[in-house]
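Q: Here you go, one structure.
Chains as they are written, first to last, in the working numbering: chain A, 34 to 718; chain B, 34 to 718.
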């Protein structure tokens, strides 16, 4: 709780008792039959106190709702106006809408689908092609054994409570979160200790056990939001969509919760394909599924989504990256663990500094953080609303070496859109163990290396003489000693010639003499190292990135005559769903012919575009296309030259008909910029 | 059964009895103690007959296995050699291989995944962009109500039988098919009548009811293939993967069996998006699922696959297509229904002729058939092994107006890869009915049209006087009459002044007089037509197309020293997984630097490629890259110029280092051809 809030809550408590005291005073004056002027003056004082209390309440309300009261309202309004535009122009559609939809399932309509396809195309260019990654494409249907090995069958759960009468299900943590937030925001009378407690609960919510969540629900008297019925105890619900493979009903399967497992199980083949060399990366784009208990936050938390995942396999002893220097000089908002713990905020740090100081665990992790930054900002994500947040110790899996989330700020707060984790050897080991197939890499030494190895050589003959039938068990026990045990025995034998040795398979101590075993450290030559590679995994939630892009790209500006606000998406050409519109200025056969010629040439060049031959005013046609985020409009107003208009500046140039398509192609392919066009062609007003 | 087979079977039967007769003769000679020369001569005759029988058997065997005996063996060998190459070079990988896989699930490995991505990219260019289609992207998880409306919950089934002891499941029709084929191919002794019967069963297999299939299984004594146990009666098994949406267990859902339904349920929004104008097409690329009972045929029949579907919505009264003339002159193999019925084979027909003669139902269907032909052949499908086969009446859904499959011939026979169906208004009507949301289009008339309409005007006052409290029910019954009933009543009233009229809500006849109702036909003006659009659906099985492409692209050629056969895929540059390889001729720092410069420039141009700096011989490196279908290889053998080699001709040209990347880009983008390159640069031996 910040200082302002705390001081206001205290003042409010003081003022509240003052109001009560004065109220009592008024009542007792009235009861004692005091004079009218006396009573009036007491009532006036009471009104004054109430007014003061109201003022403090309002200030507190403003502080609580995040810096100025109107901000959270305007956030809500902004989100609504983006959502209205997106839905009206079919960027997305609630799935199966005519059947009243299904929570957490959305379609991409035509412009949304084009944006998704552009984002994925750029992802392939920026990651797969640039790094020569091995892209694979595995099925969504996955047999149970794979997801048992990965831990999803056991651990991919959320805690759920049920309305005890209707059976409606809720996420236990969501109910507690809602309760705490509601209390903190609406109940101004709670004391600072209570405020601190509620805030603490919110902070540790993710770490609470089912029992702890259950007792909080009881303690706070939380009931089912829709019916006020009592709730069951929390219990885990597995978030995977379950199904059955084949007709027998005996082969359970799941719709994959991530695409990564398909890559891990193919490690052996992919390593071979890469010439048995490390490092290399495999990549996959595909659908993933999460049967959310009760989806919220619109497009951000859905039951089916597209993931783009990279698994970069690397020698755990060498996590350098050959192209690291290409990103080392980048500088952007980072939010290391330490800064989060000490209550600071994210700050701009040069990537090279974060890596050299060990804030980021290794070069390869740093390289991918840099590449993700470039990817997101080139798509049009605002760099001032993008930060890389390091996982706190309690957020990270025990096996992970380090983990950073690319978080993008939107009206819902800071949203995790890309996770970049060093998962060490965990996944390959898990599948290796479950399948019995070794998933290993080798490093062949250019020349053999000398290593010291412990050698335990029992002398069979002597053991046989001493222990007869127990000989074999003694021999095995000797060979099973670890280095320390063996060296201790060696020392004792050298000192005393004899030592007591517990053979657990015989459950007794036996006396071992110096002639029964030779223990030594010997130098051996090794020609290679065999090890399980580490994996560094950048994992992209494509739908979340696209939603944030929608918010970061949206703005409004007044129409020409100032009577309305027009919506614009400032998508870069790379992302824009349609690259240009072609209008004849007026309905006219000649102009329409020219428009068709230009359209044909754009199609041949693979430039998505739209012809608009409606008779609507040119201003309305511009407004329509701005709202779809179309960066360029070609207006045909003669048979020799056309006007090309840029969406955001609204600047226009005159270009010969024969050059129109190639100018648009150049500037949408990224081979030229609007500035180049602006300086090469005559301007137009 | 063809004439040759029939005549051979007859000869074989004759020869068989001749052998038997002669065998008996030998035995009776021996029994009667005939002389040795007599017996020897009879035995010699028997051997002669047996030899003749063998010859006939061999001929018959050859005829049965399809034109020459060795052909089916070589088909099998060819398929195996393609499969070996595909699997060894990771074009595909059996999914979850380290867990011993799951039947019917395959991964695309790196080159396969790149080919798939290229095929889909070209599909988008050829269909979506070229036709300005509205592409959408809907979830795979689908609630039950949608698939009830579409008919999948009830009808998307195969008939299954179970091994009564082990519970193993089989497709009933597959068992019968295997039995008949085995009998026809291996049992040479069956008579022509039996052969005809088995062939008839194979022909009508798809139309047999569960009961008919069951009785065939009994009649033929078919048992479980693995155990020889008896089989259950056939019963329907739904092929959709079922799951449950949300945690309650009360919302059944399925993994979609096709992507089309996602488009149909969005018709209303998409029609609005298109400015309420017809025709327009929507398209979708995505995963679809089919829980096959027992998948066979490798990559052709799988449990999860990528579909690319187009739904072209059109006015049922006007199925012309504005771009039809662009494909009308194409000529390719077509196999109309009539020709199939009369036992002819597919023949080359100009598309314009097929449409004008009404063999293809309408222009739009014809247009898409033409576009599909262009799509497939540009990918590299051999036009002589591609045919368009019209569905027979019994194959087509009752509502379909016409349906053609693009079938591609491969080692498995003719495989349906694209279906192009005119589904009339069926799907939109089904969803409209189930959801209660009208899915309609309007045609506004440029000027109002006059139409004759029936008007039934009951006279309330007279009805009230005559029927008192029943007045309302009589009035409703009168208004509910159809045109014929009303006109009959009008005629009767004019003739007799009175008529008996059965009011079903009152369950009695009443007497209606001429003054109680006025019936007339009036001319009215209509301003628009409201109707359910027809939909023409081209639906592409991407995995099947890719598999056929593998077979059509594969060939072998001897290595330089002739000691082995090398594999080559002749993928066109458009499809090739990697567009070029860059080799330094020998391991050498300077050459490697040049290779890196060229590689960087290729990456910047978006050209997928591979550097091979191993010291392997140049011949081996070419062989490796030919086997991946890489069309061009750039060999660096100086710092100023390189050699570019074309895969199939093995021709080589000398190109300056600075131009290497742009030459490769031009010829892979399709902006130039190898012939252009060949004529512009010096040749190299």
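Cβ atoms here follow ideal geometry from the backbone N, Cα and C, with glycine treated the same way.
Have a look at A:294, A:455, A:607 and flag the residue whose alpha-carbon is nearest the alpha-carbon of residue 352 of chain A.
A: Considering only alpha carbons, the answer is A:455.
Q: Rank A:534, A:61, A:525, A:337 by C-alpha distance to the C-alpha of residue 288 of chain A and give the top, closest one.
A: Considering only alpha carbons, the answer is A:337.
Q: Can you say whether residue 394 of chain B is buried or exposed, counting buried as having 16 or more other CB atoms within 10 angstroms of its CB?
A: Flag for residue 394 of chain B reads buried.
Q: Are the C-beta atoms of residue 101 of chain B and some chain A residue less than 9 Å apart?
A: Confidence at residue 101 of chain B is low in this model, with a pLDDT of 45, below 50, so the placement of that residue should be treated as unreliable; the coordinate-derived value is given next. With 9 Å as the cut-off, residue 101 of chain B does not count as an interface residue toward chain A.
Q: Taking only beta-carbon positions, decide if residue 588 of chain A is within less than 9 Å of chain B.
A: It does not: the Cβ of residue 588 of chain A has no partner Cβ on chain B nearer than 9 Å.
Q: Return the CA-CA distance between residue 392 of chain B and residue 457 of chain B, expressed in angstroms with no decimal places.
A: Looking at the two C-alpha atoms, the distance is approximately 17 Å.
Q: To the nearest angstrom, report how far apart residue 68 of chain A and residue 74 of chain A are at their CA atoms.
A: For residue 68 of chain A and residue 74 of chain A, the distance between alpha carbons rounds to 10 Å.
Q: How would you list, in chain order, the residues of chain B whose beta-carbon sits under 8 Å from the beta-carbon of residue 202 of chain A?
A: Within chain B, the residues near residue 202 of chain A are 279, 280, 281.
Q: Could you give the distance in angstroms between the alpha-carbon of residue 704 of chain B and the alpha-carbon of residue 624 of chain B?
A: Straight-line Cα distance between these residues: approximately 29 Å.
Q: Is the shortest distance between the beta-carbon of residue 138 of chain B and the beta-carbons of chain A less than 9 Å?
A: Yes, contact with chain A.
Q: Residue 715 of chain B versus chain A: which residues are under 7 Å apart at the beta carbon?
A: Going along chain A, no residue has its Cβ under 7 Å from residue 715 of chain B, so there is no contact; the nearest lies around 30 Å.
Q: For chain B, check one thing: does any of its Cβ atoms lie closer than 9 Å to the Cβ of residue 552 of chain A?
A: False, the Cβ-Cβ gap to chain B never drops below 9 Å.
Q: Applying a beta-carbon distance threshold of less than 7 Å, which residues of chain A neighbour residue 147 of chain B?
A: The contacting residues are 168.
Q: List the residues of chain B that residue 123 of chain A touches, going by C-beta distances under 9 Å, in chain order.
A: The contacting residues are 167, 169, 299, 302, 303, 305, 306.
Q: Buried or exposed for residue 323 of chain A, going by 16 or more other Cβ atoms inside 10 Å?
A: When all chains shown are included, residue 323 of chain A counts as buried.
Q: Any heavy atom of the ligand SAM closer than 8 Å to the beta-carbon of residue 252 of chain A?
A: The ligand content of the structure shown is nil, which means the ligand SAM is not present either.
Q: Step through the CB atoms of chain B and report whether any lies within less than 9 Å of the CB of residue 152 of chain A.
A: It does not; no Cβ of chain B falls within 9 Å.
Q: Any idea what DSSP makes of residue 199 of chain A, helix, strand or coil?
A: It is coil, neither helix nor strand.
Q: For residue 368 of chain B, I'd like the list of residues in its chain whose CB is within less than 6 Å of its CB, leaving aside the five on either flank, ordered along the chain.
A: Excluding sequence neighbours, residue 368 of chain B sits near 379, 420, 422.
Q: Using a beta-carbon distance cut-off of less than 9 Å, what residues from the stretch 464 to 480 of chain A approach chain B?
A: Answer set for the stretch 464 to 480 of chain A: 464, 465, 467, 468, 469, 470, 472.
Q: Using a threshold of 9 Å, state whether the C-beta atoms of residue 126 of chain B and residue 302 of chain A are closer than that.
A: The answer is yes: Cβ separation under 9 Å.
Q: What is the C-beta distance between residue 583 of chain A and residue 115 of chain A, in whole angstroms, given that I count them as a contact (C-beta under 8 Å)?
A: That pair is a contact at about 6 Å.
Q: Between B:316, B:317, B:300, which lies nearest to residue 309 of chain B when the distance is taken from Cα to Cα?
A: Here the closest residue by C-alpha is B:300.
Q: Check whether the Cβ atoms of residue 332 of chain A and residue 579 of chain A sit closer than 9 Å, and answer yes or no.
A: Cβ distance < 9 Å, so residue 332 of chain A and residue 579 of chain A count as in contact.
Q: Quick check: residue 604 of chain B and residue 660 of chain B, are their CB atoms within less than 9 Å of each other?
A: No. Outside cutoff.
Q: Bridge partners of residue 207 of chain B, per DSSP?
A: Bridge partners of residue 207 of chain B: none, in fact.
Q: Is the Cβ-Cβ distance between residue 536 of chain A and residue 506 of chain A less than 9 Å?
A: Yes, these two residues count as a Cβ contact at 9 Å.
Q: Assign residue 609 of chain B to one of two classes, buried (16 or more other C-beta atoms within 10 Å of its C-beta) or exposed (fewer than that).
A: Buried.
Q: Indicate whether at least one CB of chain B lies closer than 9 Å to the CB of residue 275 of chain A.
A: Yes, its Cβ sits closer than 9 Å to a Cβ of chain B.
Q: So which residues of chain B does residue 143 of chain A contact, with C-beta pairs closer than 7 Å?
A: Neighbours of residue 143 of chain A on chain B, chain order: 167, 168, 169, 306.
Q: Is the beta carbon of residue 239 of chain A closer than 9 Å to that of residue 428 of chain A?
A: Yes. Within cutoff.
Q: Excluding sequence positions up to five away, which residues of its chain have a Cβ less than 7 Å from the Cβ of residue 539 of chain B?
A: 503, 506, listed in sequence order.
Q: Give a yes or no on whether 9 Å exceeds the smallest Cβ distance from residue 382 of chain A to chain B.
A: It does not; no Cβ of chain B falls within 9 Å.
Q: Near residue 354 of chain A, what residues of its chain come up, given a Cβ to Cβ distance below 7 Å and the 5 sequence neighbours on each side ignored?
A: The residues are 396, 397, 400.
Q: Shorter than 9 Å from the beta carbon of residue 709 of chain B to some beta carbon of chain A?
A: No, no contact with chain A.
Q: Does the stretch 309 to 319 of chain A come close enough to the stretch 263 to 270 of chain A that 3 or more CB-CB pairs lie under 8 Å?
A: The stretch 263 to 270 of chain A is not in contact with the stretch 309 to 319 of chain A.
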